[in-house]
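One structure is given here, and the rest of the page talks about it.
Protein chains in written order, with the numbering used here: chain A, 9 to 311; chain B, 9 to 179.
What follows is the structure, given as structure tokens:
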């Protein structure tokens, strides 16, 4: 008799190539075959029996999914690259420091030693940092499936809580992120009760400043407050084409939750999360423009 | 590429070749404890947040409750049992000795996790400074000590490790 604790029994397949993974996912689709990579998100859900795949296809040792490359305008990271590898890679610290900063927020070092960037994005936890980063940077994922290879933008990939637009038999093979130009300020801010917890509220900001201190191309993503990482479009619109002033940032920050239905739970009420979101966006915007050399009088928002 | 529910796996644990028969769903923590009799690794939350199950796999600290035993096939695993050299309790690993000196344990439940996380962190060059230790060790929860004595011990151990092999100068 199998007791109803720990993961339910499943068939295990370790594959050597991405093509084999697709084949296994298709062959066992009838029993809800799923990819396991780092397992740091999937195994807790399986232990709680929230996820009951009949087959696990282990891609963690597929060579083509590991490793990364840097081009002048983008980075390409294999889906099975561990978060900790990204965190410690000096080439990312130089070329894309927002990625390094974001990965450091993911749980604890022991989790980052196993969890992978592809797994985190495919899991699409609404309070996770890496899916939010993909959306904020307008990144994309490379996908392999029974119909072949395709690329999916972050916006079309992340469709709801723990939900992506991946079709049956598809797996993420790589993540693509643009390299930021020298005129792009960025910041990530997050509030959680304990170090390493899921975000109660998180925000990632990118904004360009031209020579006249006009803000362009703002991208603001909120995570932890709704069903998925979401663009704060009202706040972005308040910034677009506007001269950078302290008042402008306050105005934008106050609009941060206009595009999302903020829900609360035992870890934080909706009202708390809304207030924190305003403060975090204000901090993040100031931090982002300071990175470009602009100092603004700092005042905390009191609501 | 066969579908299996029961698997025979070979792995290296504390320097010894070990063989285990496990289900595919068996965690590394449970395989270590039940199949290999190494009960020093503890199971607390089984979700990766408490840190009691921390072991070192292929040189990095990981949660053994969030690794399937079959995923550790062919890997090099270090558990708390492998820290002291030999069976003589006098030959404690320096991190164990530091924890002992600073009374960094009471009930001992989190202690294997503390030790393995600390050993891995010190091997990676952990700075012997309270904030750095606090940050790095925040993944292991302790209900007894209030953490200060744990931090004291790891700062001591990190300092000793630095004295024995100073970090290379940056170019």
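Glycine included, each C-beta is placed from N, C-alpha and C at the ideal position.
>> Check whether chain B comes within 8 angstroms of residue 311 of chain A, counting only Cβ atoms and requiring the distance to be less than that.
In response: In the first chain, counting from the first residue as 1, residue 311 of chain A sits at position 303. Low per-residue confidence applies at residue 311 of chain A: pLDDT is 37, beneath 50, and the placement is therefore not dependable, though the value from the model is reported in the following sentence. Answer no: the Cβ-Cβ gap between residue 311 of chain A and chain B never drops below 8 angstroms.
>> Applying the 10 Å Cβ sphere with the 16-neighbour rule, what's the burial state of residue 311 of chain A?
In response: Within the first chain, residue 311 of chain A is the residue found at index 303, counting from 1. Below a pLDDT of 50, predicted positions are generally treated as unreliable, and residue 311 of chain A, at 37, falls in that range; the measurement from the model is reported next regardless. Counting the other CB atoms within 10 Å of its CB gives residue 311 of chain A a total below 16, which places it among the exposed residues.
> Can you round the beta-carbon distance between residue 242 of chain A and residue 263 of chain A to whole angstroms, since I take them to be within the 8 angstroms contact cut?
Replying inline: By one-based count along the first chain, residue 242 of chain A stands at place 234. By one-based count along the first chain, residue 263 of chain A stands at place 255. Indeed, because the Cβ distance is near 4 angstroms, the residues count as touching under 8 angstroms.
> With 8 angstroms set as the bound, which would you pick, yes or no: does the beta-carbon of residue 74 of chain B sit closer than that to a beta-carbon of chain A?
Replying inline: Start at 1 with the first residue of the second chain, and residue 74 of chain B comes out as number 66. True, the Cβ-Cβ gap to chain A drops below 8 angstroms.
> Going along the chain, which unbroken runs of the beta strand (DSSP E) with 3 or more residues stay wholly within the segment 151-237 of chain A?
Replying inline: Within the segment 151-237 of chain A, the complete beta strand (DSSP E) segments of 3 residues or longer fall at 156-161, 166-168, 179-186, 192-199, 209-217, 223-231, listed in chain order.
> Going by beta carbon distance, what residues of the same chain come within less than 6 angstroms of residue 40 of chain A, once the five residues before and after it are set aside?
Replying inline: For the purposes of this step, residue 40 of chain A is taken as the residue at position 32 of the first chain. These residues qualify, in order along the chain: 61, 62.
> the segment 91-103 of chain A: which residues have C-beta closer than 8 angstroms to a C-beta of chain B, in chain order?
Replying inline: Hits within the stretch, in order: 92.
> Does at least one heavy atom of the ligand FAD sit under 7 angstroms from the Cβ of residue 168 of chain A?
Replying inline: Among the components modelled here there is no ligand, and therefore nothing to report on the ligand FAD.
>> Give me the DSSP bridge partner(s) of residue 125 of chain A.
In response: Sequence index remark: in the first chain, residue 125 of chain A carries index 117 (1-based). Note: residue 125 of chain A sits in no beta bridge, so no partner.
> Apart from the five residues just before and just after residue 68 of chain B, which ones in its own chain have a Cβ nearer than 8 angstroms to its Cβ?
Replying inline: As a position in the second chain, residue 68 of chain B is number 60, starting the count at 1. Once the five neighbours on either side are set aside, the close Cβ partners of residue 68 of chain B are 128.
> Over what stretch of residues does the alpha helix (DSSP H) that includes residue 31 of chain A continue unbroken?
Replying inline: Numbered from its first residue, the first chain carries residue 31 of chain A at position 23. Counted as a single uninterrupted DSSP element, the alpha helix (DSSP H) harbouring residue 31 of chain A occupies residues 26-35.
> Between the beta-carbon of residue 87 of chain A and the beta-carbon of residue 183 of chain A, is there less than 8 angstroms?
Replying inline: Indexing the first chain from 1 puts residue 87 of chain A at position 79. Indexing the first chain from 1 puts residue 183 of chain A at position 175. Contact flag set, yes.
> Which first and last residues belong to the beta strand (DSSP E) in which residue 84 of chain B is found?
Replying inline: In the second chain, counting from the first residue as 1, residue 84 of chain B sits at position 76. That run of the beta strand (DSSP E) goes 84-86.
> Skipping 5 residues on each side, what residues in its chain have a beta carbon closer than 8 angstroms to that of residue 164 of chain B?
Replying inline: Your numbering for residue 164 of chain B matches position 156 in the second chain. Counting only Cβ-Cβ distances below 8 angstroms, and skipping sequence neighbours, we find 106, 109, 110, 136.
> Does DSSP put residue 308 of chain A in a helix, a strand or coil?
Replying inline: Within the first chain, numbered from 1, the residue matching residue 308 of chain A stands at position 300. Only weak support is given to the placement of residue 308 of chain A: the predicted model assigns it a pLDDT of 46, under 50, and the value that follows is read from those uncertain coordinates. Here residue 308 of chain A sits in coil by DSSP.
>> Let's see if you can read the secondary structure: which residues bound the beta strand (DSSP E) around residue 16 of chain B?
In response: The residue labelled residue 16 of chain B in the question sits at position 8 within the second chain. From DSSP, the beta strand (DSSP E) with residue 16 of chain B extends over 14-21.
> Anyone know if the C-beta pair for residue 48 of chain B and residue 81 of chain B falls short of 8 angstroms?
Replying inline: Residue 48 of chain B sits at position 40 when you count from the first residue of the second chain. Residue 81 of chain B sits at position 73 when you count from the first residue of the second chain. Not closer than 8 angstroms, so no.
> Which residues of chain A have a Cβ atom closer than 7 angstroms to the Cβ of residue 70 of chain B, listed in chain order?
Replying inline: On the second chain, position 62 is the one that residue 70 of chain B refers to. 118, 121, 122, listed in chain order.
>> If we define contact as Cβ-Cβ less than 8 angstroms, is residue 68 of chain A a contact residue for chain B?
In response: The residue given as residue 68 of chain A occupies position 60 in the first chain. Cβ-Cβ to chain B under 8 angstroms: yes for residue 68 of chain A.
>> Between residue 188 of chain A and residue 73 of chain A, how many whole angstroms is the CB-CB distance? I'm expecting something under 8 angstroms.
In response: On the first chain, residue 188 of chain A is found 180 positions in, with the first residue counted as 1. On the first chain, residue 73 of chain A is found 65 positions in, with the first residue counted as 1. Actually they are not in contact, since the Cβ atoms of residue 188 of chain A and residue 73 of chain A sit about 25 angstroms apart, beyond 8 angstroms.
>> Just to confirm before moving on: does the CB-CB distance between residue 75 of chain B and residue 122 of chain B stay below 8 angstroms?
In response: Sequence index remark: in the second chain, residue 75 of chain B carries index 67 (1-based). Sequence index remark: in the second chain, residue 122 of chain B carries index 114 (1-based). Not closer than 8 angstroms, so no.
>> Would you say residue 308 of chain A lies against chain B (beta-carbon separation less than 8 angstroms)?
In response: Residue mapping note: residue 308 of chain A aligns to position 300 of the first chain, counting from 1. Unreliable placement is indicated for residue 308 of chain A, whose pLDDT of 46 sits below 50; no coordinate value is reported for it.
>> So for residue 63 of chain A, helix, strand or coil by DSSP?
In response: For the purposes of this step, residue 63 of chain A is taken as the residue at position 55 of the first chain. Strand at residue 63 of chain A.
> What's the C-alpha gap between residue 138 of chain A and residue 202 of chain A?
Replying inline: Start at 1 with the first residue of the first chain, and residue 138 of chain A comes out as number 130. Start at 1 with the first residue of the first chain, and residue 202 of chain A comes out as number 194. Computed Cα separation, rounded: 19 angstroms.
> What number of angstroms, rounded off, separates the C-alpha of residue 109 of chain A from the C-alpha of residue 192 of chain A?
Replying inline: Along the first chain, read from residue 1 onward, the residue named residue 109 of chain A stands at position 101. Along the first chain, read from residue 1 onward, the residue named residue 192 of chain A stands at position 184. Distance between the alpha carbons of residue 109 of chain A and residue 192 of chain A is about 15 angstroms.
>> Quick check: residue 204 of chain A and residue 128 of chain A, are their CB atoms within less than 8 angstroms of each other?
In response: Sequence index remark: in the first chain, residue 204 of chain A carries index 196 (1-based). Sequence index remark: in the first chain, residue 128 of chain A carries index 120 (1-based). No, Cβ-Cβ distance for residue 204 of chain A and residue 128 of chain A is not below 8 angstroms.
> What separation, rounded to the nearest whole angstrom, lies between the Cα atoms of residue 60 of chain B and residue 29 of chain A?
Replying inline: In the second chain, the residue the question calls residue 60 of chain B occupies position 52. In the first chain, the residue the question calls residue 29 of chain A occupies position 21. Distance between the alpha carbons of residue 60 of chain B and residue 29 of chain A: 33 angstroms.
> If you draw a straight line from the alpha carbon of residue 142 of chain A to that of residue 186 of chain A, how long is it in whole angstroms?
Replying inline: Translated into positions along the first chain, residue 142 of chain A becomes position 134. Translated into positions along the first chain, residue 186 of chain A becomes position 178. Whole-angstrom Cα-Cα distance: 10 angstroms.
> Excluding five sequence neighbours on each side, which residues of the same chain lie with their C-beta closer than 8 angstroms to the C-beta of residue 100 of chain B?
Replying inline: The residue you call residue 100 of chain B lines up with position 92 of the second chain. If we look at residue 100 of chain B and ignore the five residues flanking it on each side, its Cβ neighbours are 91, 92, 108.
> Which residues in chain A sit within 8 angstroms of residue 167 of chain B, going by Cβ to Cβ distance?
Replying inline: Here residue 167 of chain B refers to the residue found at position 159 of the second chain. Simply none; closest approach about 20 angstroms.
> In chain B, what lies closer than 7 angstroms to residue 33 of chain A by C-beta?
Replying inline: Start at 1 with the first residue of the first chain, and residue 33 of chain A comes out as number 25. Residues of chain B passing the Cβ test: none, with the nearest at roughly 12 angstroms.
> Can you tell me whether DSSP reads residue 108 of chain A as helix, strand or coil?
Replying inline: Looking up residue 108 of chain A in the first chain gives position 100. DSSP places residue 108 of chain A within a helical segment (H, G or I) once states are collapsed to three.
> Listed from N- to C-terminal order along the chain, which residues in the segment 33-56 of chain A have their beta-carbon within a distance smaller than 7 angstroms of any beta-carbon of chain B?
Replying inline: Along the segment 33-56 of chain A, going in chain order, the ones with a CB nearer than 7 angstroms to a CB of chain B are 47, 48, 51, 52, 55.
> Which chain A residues sit within Cβ distance under 9 angstroms of residue 153 of chain B?
Replying inline: As a position in the second chain, residue 153 of chain B is number 145, starting the count at 1. In chain order: nothing, as chain A lies at least about 17 angstroms away.
> Any Cβ of chain A within less than 8 angstroms of the Cβ of residue 119 of chain B?
Replying inline: Stepping through the second chain from its first residue, residue 119 of chain B is reached at position 111. Not closer than 8 angstroms to any Cβ of chain A, the Cβ of residue 119 of chain B fails to qualify, so no.
>> Beta carbons nearer than 8 angstroms to chain A: which residues of the segment 41-55 of chain B have them?
In response: Those residues of the segment 41-55 of chain B placed with their C-beta closer than 8 angstroms to a C-beta in chain A are 54, 55, ordered along the chain.
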